[in-house]
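Notes for the one structure printed next.
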Amino acid sequence: MARSYHFAPGTYGLIAGFVEIGESVEEAVHREVIEETGITIKNIQYFGSQPWPFPDSLMLAFTAQYASGTLTVNTTELEEANWYRFDHLPGRPGAHLSIANQLIDHFIKSQQNKPPIA
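In the working numbering, the protein residues as written are 953 to 1070.
Have a look at this one:
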């Protein structure tokens, strides 16, 4: 999870960004993750979408798996980013109907019945 400079104290969200001209959404997902965290991802899957009022956009959500790299926060983009266990997540922004919160809830549910990693 990541903490943007404009988030309320103690709240975290997910990596986000915009698609650049000439770029596919999948390319944008790869680019944003590596730009903001230094890690590469694989197996990108579309999760869902929602209208986003500012700046008149459509928010797209994707899942992905870690591929490689060391988590290195780009401090021009983020204040903090870290790995968290599904049962020890930091606070989230209050918009619980947002696609980001739906994605986090989906992740929590997907992990609850898995055996612990040894």
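The beta-carbon is built from N, C-alpha and C at its ideal position, and this holds for glycine as well.
Are the CB atoms of residue j and residue i within a distance shorter than 7 Å?
i            : j            : result
residue 991  : residue 1023 : yes
residue 984  : residue 969  : yes
residue 1018 : residue 953  : no
residue 1026 : residue 979  : no
residue 986  : residue 1016 : no
Looking at the structure shown, is residue i part of a helix, part of a strand, or coil, going by DSSP?
i            : result
residue 992  : strand
residue 980  : helix
residue 1050 : coil
residue 1062 : helix
residue 1012 : strand
residue 1032 : strand
Straight-line CA distance for residue i to residue j?
i            : j            : result
residue 1061 : residue 1051 : 15 Å
residue 1038 : residue 1053 : 13 Å
residue 1058 : residue 1005 : 23 Å
residue 1003 : residue 1067 : 36 Å
residue 1065 : residue 972  : 38 Å
residue 955  : residue 976  : 25 Å
residue 1063 : residue 957  : 29 Å
Considering only C-alpha positions, which residue in the set the options is nearest to residue i?
i            : options              : result
residue 1020 : 982, 1067, 976       : 982
residue 993  : 1014, 1002, 1000     : 1014
residue 1000 : 1056, 955, 956, 1066 : 1056
**Message:** With three or more beta-carbon pairs closer than 8 Å as the criterion, would you say the segment 960-979 touches the segment 1036-1043?
**Reply:** Yes: the two stretches touch, three or more of their Cβ pairs being nearer than 8 Å.
**Message:** Whether or not the segment 1031-1038 and the segment 1008-1015 are in contact is what I'm after, with contact meaning three or more pairs of Cβ atoms, one per stretch, closer than 8 Å; do they touch?
**Reply:** no
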